[in-house]
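Residue numbers (the numbering used here), protein chains in the order written: chain A, 5 to 332; chain B, 5 to 332. Encoded as structure tokens, the structure appears first; notes follow it.
2 protein chains.
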Amino acid sequence: MSISRAAVQELVAPVSEDMERVNEILRGQLAEESAAVRDMTDHVGRFHGKQLRGALVLLSGEATGNATDEHAAVAAIVEMIHLATLVHDDILDGAEVRRRVACVNERWDNQVAVLLGDFLYARAFALSTELSSRLCSSLLSETTRRLCVGEIEQSNHRYDFELEQSAYERISGAKTASLYAAGCELGARYPGGNEEVGAALAAFGWNLGLAFQIVDDCLDVVGSTDVVGKTLGQDVEDGKVTLPVLVTYERADARLRASIRDVYTSPDIDRRAERLREVCDLGPGVEFAMGRARTLVDEAKSQLAGLPETPARTSMESIAEFVLTRNW
Amino acid sequence: MSISRAAVQELVAPVSEDMERVNEILRGQLAEESAAVRDMTDHVGRFHGKQLRGALVLLSGEATGNATDEHAAVAAIVEMIHLATLVHDDILDGAEVRRRVACVNERWDNQVAVLLGDFLYARAFALSTELSSRLCSSLLSETTRRLCVGEIEQSNHRYDFELEQSAYERISGAKTASLYAAGCELGARYPGGNEEVGAALAAFGWNLGLAFQIVDDCLDVVGSTDVVGKTLGQDVEDGKVTLPVLVTYERADARLRASIRDVYTSPDIDRRAERLREVCDLGPGVEFAMGRARTLVDEAKSQLAGLPETPARTSMESIAEFVLTRNW
Numbered sequence: 005m006s007i008s009r010a011a012v013q014e015l016v017a018p019v020s021e022d023m024e025r026v027n028e029i030l031r032g033q034l035a036e037e038s039a040a041v042r043d044m045t046d047h048v049g050r051f052h053g054k055q056l057r058g059a060l061v062l063l064s065g066e067a068t069g070n071a072t073d074e075h076a077a078v079a080a081i082v083e084m085i086h087l088a089t090l091v092h093d094d095i096l097d098g099a100e101v102r103r104r105v106a107c108v109n110e111r112w113d114n115q116v117a118v119l120l121g122d123f124l125y126a127r128a129f130a131l132s133t134e135l136s137s138r139l140c141s142s143l144l145s146e147t148t149r150r151l152c153v154g155e156i157e158q159s160n161h162r163y164d165f166e167l168e169q170s171a172y173e174r175i176s177g178a179k180t181a182s183l184y185a186a187g188c189e190l191g192a193r194y195p196g197g198n199e200e201v202g203a204a205l206a207a208f209g210w211n212l213g214l215a216f217q218i219v220d221d222c223l224d225v226v227g228s229t230d231v232v233g234k235t236l237g238q239d240v241e242d243g244k245v246t247l248p249v250l251v252t253y254e255r256a257d258a259r260l261r262a263s264i265r266d267v268y269t270s271p272d273i274d275r276r277a278e279r280l281r282e283v284c285d286l287g288p289g290v291e292f293a294m295g296r297a298r299t300l301v302d303e304a305k306s307q308l309a310g311l312p313e314t315p316a317r318t319s320m321e322s323i324a325e326f327v328l329t330r331n332w
Numbered sequence: 005m006s007i008s009r010a011a012v013q014e015l016v017a018p019v020s021e022d023m024e025r026v027n028e029i030l031r032g033q034l035a036e037e038s039a040a041v042r043d044m045t046d047h048v049g050r051f052h053g054k055q056l057r058g059a060l061v062l063l064s065g066e067a068t069g070n071a072t073d074e075h076a077a078v079a080a081i082v083e084m085i086h087l088a089t090l091v092h093d094d095i096l097d098g099a100e101v102r103r104r105v106a107c108v109n110e111r112w113d114n115q116v117a118v119l120l121g122d123f124l125y126a127r128a129f130a131l132s133t134e135l136s137s138r139l140c141s142s143l144l145s146e147t148t149r150r151l152c153v154g155e156i157e158q159s160n161h162r163y164d165f166e167l168e169q170s171a172y173e174r175i176s177g178a179k180t181a182s183l184y185a186a187g188c189e190l191g192a193r194y195p196g197g198n199e200e201v202g203a204a205l206a207a208f209g210w211n212l213g214l215a216f217q218i219v220d221d222c223l224d225v226v227g228s229t230d231v232v233g234k235t236l237g238q239d240v241e242d243g244k245v246t247l248p249v250l251v252t253y254e255r256a257d258a259r260l261r262a263s264i265r266d267v268y269t270s271p272d273i274d275r276r277a278e279r280l281r282e283v284c285d286l287g288p289g290v291e292f293a294m295g296r297a298r299t300l301v302d303e304a305k306s307q308l309a310g311l312p313e314t315p316a317r318t319s320m321e322s323i324a325e326f327v328l329t330r331n332w
């Protein structure tokens with residue numbers, strides 16, 4: 005087990021037993037009679053990941069004294085939706101297919117990855133319709149819509165160096181923070197009522213999720229592949245102008261701005277990220293972005309102020325802090 | 005308006021007013037604050053298509069005396085799920101990207117097409133959670149899962165000339181007939197109860213949908229592009245061995261079988277369909293497949309026998325017949 009995995013397990017200790025139930029539900033949902041489908045779900049089933057979203061559903065339930073027998077299913081549904089978005093994120097564009105053939109999609113082609121993601125969404129929605137309350141179906145289908153809108157807008161703003169920070173945060177929030185917010189809200193409210201506490205926990209999730217995304221964006225431009233363990237520099241390759249780059253660009257003079265734009269559209273796509281680090285000092289932009297993430301984490305933690313001091317609440321505060329220091 | 009469009013409108017005449025409400029709901033669902041999203045949904049909104057699935061929800065409601073105020077929303081949800089599958093069907097594989105660059109996905113790249121389909125699914129599920137009964141959410145999320153499994157299995161059986169007819173029908177049924185079946189069942193049962201009539205109407209939809217798919221598969225190998233109005237020969241290009249080809253192959257001698265396999269894997273992909281028609285006489289295979297479609301249509305119609313004679317029932321019988329004679 006890697007260090008980061010062990011660290012995450014310690015962070016979610018108050019709900020570790022329930023997380024086993026979540027994973028049992030997930031295994032059951034991914035089991036499918038069709039051998040062709042099973043072969044694929046077996047594979048994605050191993051993409052355990054950090055499962056922070058699912059754990060936060062349970063922790064929000066514990067921290068607000070609202071845990072129910074159905075919380076594990078809600079957490080599993082949130083994790084399945086997240087898994088579906090991951091599978092669909094791996095769909096390659098025409099241009100990317102040509103340059104990244106042996107990368108993410110080597111096991112199956114695009115079409116099958118699309119179908120597998122659809123299958124995971126459908127499973128998630130089907131499971132949510134079996135729960136006693138409709139709050140989970142309605143909140144998560146609405147969240148999925150928001151999530152797609154965020155991703156579409158992000159795609160639409162590729163190569164947009166004039167993007168305002170507020171627009172960047174709105175889009176990144178929709179793309180990433182909305183599922184954290186919905187998971188925490190469901191943890192605090194499911195099966196219903198409790199709207200005020202739900203709103204506070206949704207705000208916790210939103211701020212935490214947005215901080216998570218900003219840290220992700222910083223790691224993508226200045227992280228080390230060895231440490232982070234995934235291909236970095238992808239945002240630059242894909243033309244995504246994230247907060248650290250937006251700030252660097254905003255503060256640059258006309259000549260440097262032109263160089264940055266040139267790097268983003270350089271035909272030598274594989275070297276774009278490296279060249280970006282060569283043409284400009286990303287340090288101050290990353291520092292600004294990490295400062296913003298710090299503020300968001302503080303804001304997230306302040307939302308828990310009204311809750312009793314429990315191991316679950318402490319765990320949520322630690323997760324928020326961990327988002328800032330993570331290097332994976 | 006094309007002749008086929010006028011013909012379809014006449015077929016669905018008993019519910020034409022309600023179909024306007026369905027389209028109003030669809031327009032509302034596709035409207036989205038984000039300009040980037042709206043630009044895309046405007047575009048798919050014009051892909052009206054035949055809207056047979058939606059019309060059959062309404063007709064099943066009328067024919068069984070079960071029409072409610074919510075049937076138009078159910079029909080809109082069924083159409084949105086269908087639209088999502090169409091958008092995702094257009095996602096190209098790596099190999100296809102290279103040879104069909106200017107085809108289906110010329111307006112947006114693969115990634116955005118994935119997100120748009122996801123958006124449509126999410127919208128459909130979100131709308132279904134707003135209905136008074138959960139029958140629609142639960143039946144349609146389960147149907148969406150089946151549909152994905154069918155598509156995945158189909159992809160898994162590419163180039164499989166040993167596929168049994170029963171397996172072909174199971175897969176084509178899951179892929180295409182399941183949504184017709186669910187729509188007709190919902191029309192007859194929504195918001196609940198009425199299970200026996202629901203089962204009969206589901207069987208109507210299943211048989212009709214499977215016949216529809218078989219006719220589609222025949223048109224793909226022997227139709228004329230001018231008449232059908234879409235690119236044909238795609239199944240052969242994609243390695244899909246459909247019923248008319250399976251039968252042709254089964255009846256062929258060893259030499260012809262080898263030729264057929266060669267055509268399917270020929271590097272000159274654009275000419276595969278044409279070459280298939282050159283190396284073998286597809287006539288008897290198509291005739292067999294159309295005979296099977298005829299049987300399915302009769303089976304579909306027999307499911308309506310217990311219903312009172314109404315314009316809606318007559319319309320459903322005519323739609324079933326039309327499936328056999330359509331050339332679009």
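The beta-carbon is built from N, C-alpha and C at its ideal position, and this holds for glycine as well.
Per-residue DSSP class, three states only, for residue i
i: residue 330 (chain A); result: coil
i: residue 54 (chain B); result: coil
i: residue 209 (chain B); result: helix
i: residue 346 (chain B); result: In the structure displayed, chain B extends from 5 to 332; residue 346 (chain B) sits before or after that span and is not available.
i: residue 310 (chain B); result: coil
i: residue 93 (chain A); result: helix
i: residue 67 (chain A); result: helix
i: residue 162 (chain B); result: coil
i: residue 253 (chain A); result: helix
i: residue 139 (chain B); result: helix
i: residue 152 (chain B); result: helix
i: residue 198 (chain B); result: coil
i: residue 134 (chain B); result: coil
i: residue 177 (chain A); result: helix
Proximal residues to residue i (C-beta, below 8 Å), its chain only, five neighbours per side dropped
i: residue 196 (chain A); result: 137, 139
i: residue 294 (chain A); result: 218, 219, 222, 328
i: residue 284 (chain B); result: 252, 256, 260, 263, 264
i: residue 70 (chain A); result: 64, 191, 192, 193, 194, 198, 201
Under 8 Å between C-beta atoms of residue i and residue j
i: residue 316 (chain A); j: residue 21 (chain A); result: no
i: residue 23 (chain A); j: residue 60 (chain A); result: no
i: residue 265 (chain B); j: residue 165 (chain B); result: yes
i: residue 250 (chain A); j: residue 167 (chain A); result: yes
i: residue 194 (chain B); j: residue 78 (chain B); result: yes
i: residue 81 (chain A); j: residue 144 (chain A); result: yes
i: residue 28 (chain A); j: residue 57 (chain A); result: no
i: residue 227 (chain B); j: residue 236 (chain B); result: yes
i: residue 276 (chain B); j: residue 241 (chain B); result: yes
i: residue 163 (chain B); j: residue 243 (chain B); result: yes
i: residue 154 (chain B); j: residue 179 (chain B); result: yes
i: residue 131 (chain B); j: residue 33 (chain B); result: yes
Neighbour list for residue i in chain A, Cβ cutoff strictly below 9 Å
i: residue 78 (chain B); result: Going along chain A, no residue has its Cβ under 9 Å from residue 78 (chain B), so there is no contact; the nearest lies around 15 Å.
Chain-order list of residues whose beta-carbon lies under 6 Å from that of residue i (same chain, five-residue window excluded)
i: residue 74 (chain A); result: 135
i: residue 189 (chain A); result: 202, 205, 206
i: residue 10 (chain A); result: none
i: residue 91 (chain A); result: 117, 120, 121
i: residue 305 (chain A); result: 321, 324
i: residue 89 (chain A); result: none
i: residue 150 (chain B); result: 178, 182
Under 8 Å by beta carbon: chain A residues contacting residue i
i: residue 123 (chain B); result: 149, 152, 153, 156
Close beta carbons around residue i, own chain, < 7 Å, minus the five adjacent residues each side
i: residue 147 (chain A); result: 182, 183, 186
i: residue 311 (chain B); result: 67, 68, 317
i: residue 15 (chain A); result: 319, 322, 323, 326
Closer than 7 Å: residue i CB and nearest the ligand FMN heavy atom
i: residue 299 (chain B); result: Among the ligands in the structure shown, none appear at all, so the ligand FMN cannot be discussed.
Contacts of residue i in chain A (Cβ-Cβ under 7 Å)
i: residue 146 (chain B); result: 130
i: residue 92 (chain B); result: 118, 122
Per-residue contacts from residue i into chain B (C-beta, under 7 Å)
i: residue 314 (chain A); result: Ordered by position in chain B, no residue passes the 7 Å Cβ test against residue 314 (chain A), which lies about 32 Å from the chain.
i: residue 36 (chain A); result: 153
i: residue 133 (chain A); result: 138, 141, 142, 145
Under 9 Å from the C-beta of residue i: neighbouring residues of chain B
i: residue 325 (chain A); result: Chain B residues near residue 325 (chain A): none, gap ~32 Å exceeds 9 Å.
i: residue 41 (chain A); result: 152, 153, 156, 157, 160
Contact list for residue i against chain B, beta-carbon separation under 8 Å
i: residue 318 (chain A); result: Going along chain B, no residue has its Cβ under 8 Å from residue 318 (chain A), so there is no contact; the nearest lies around 35 Å.
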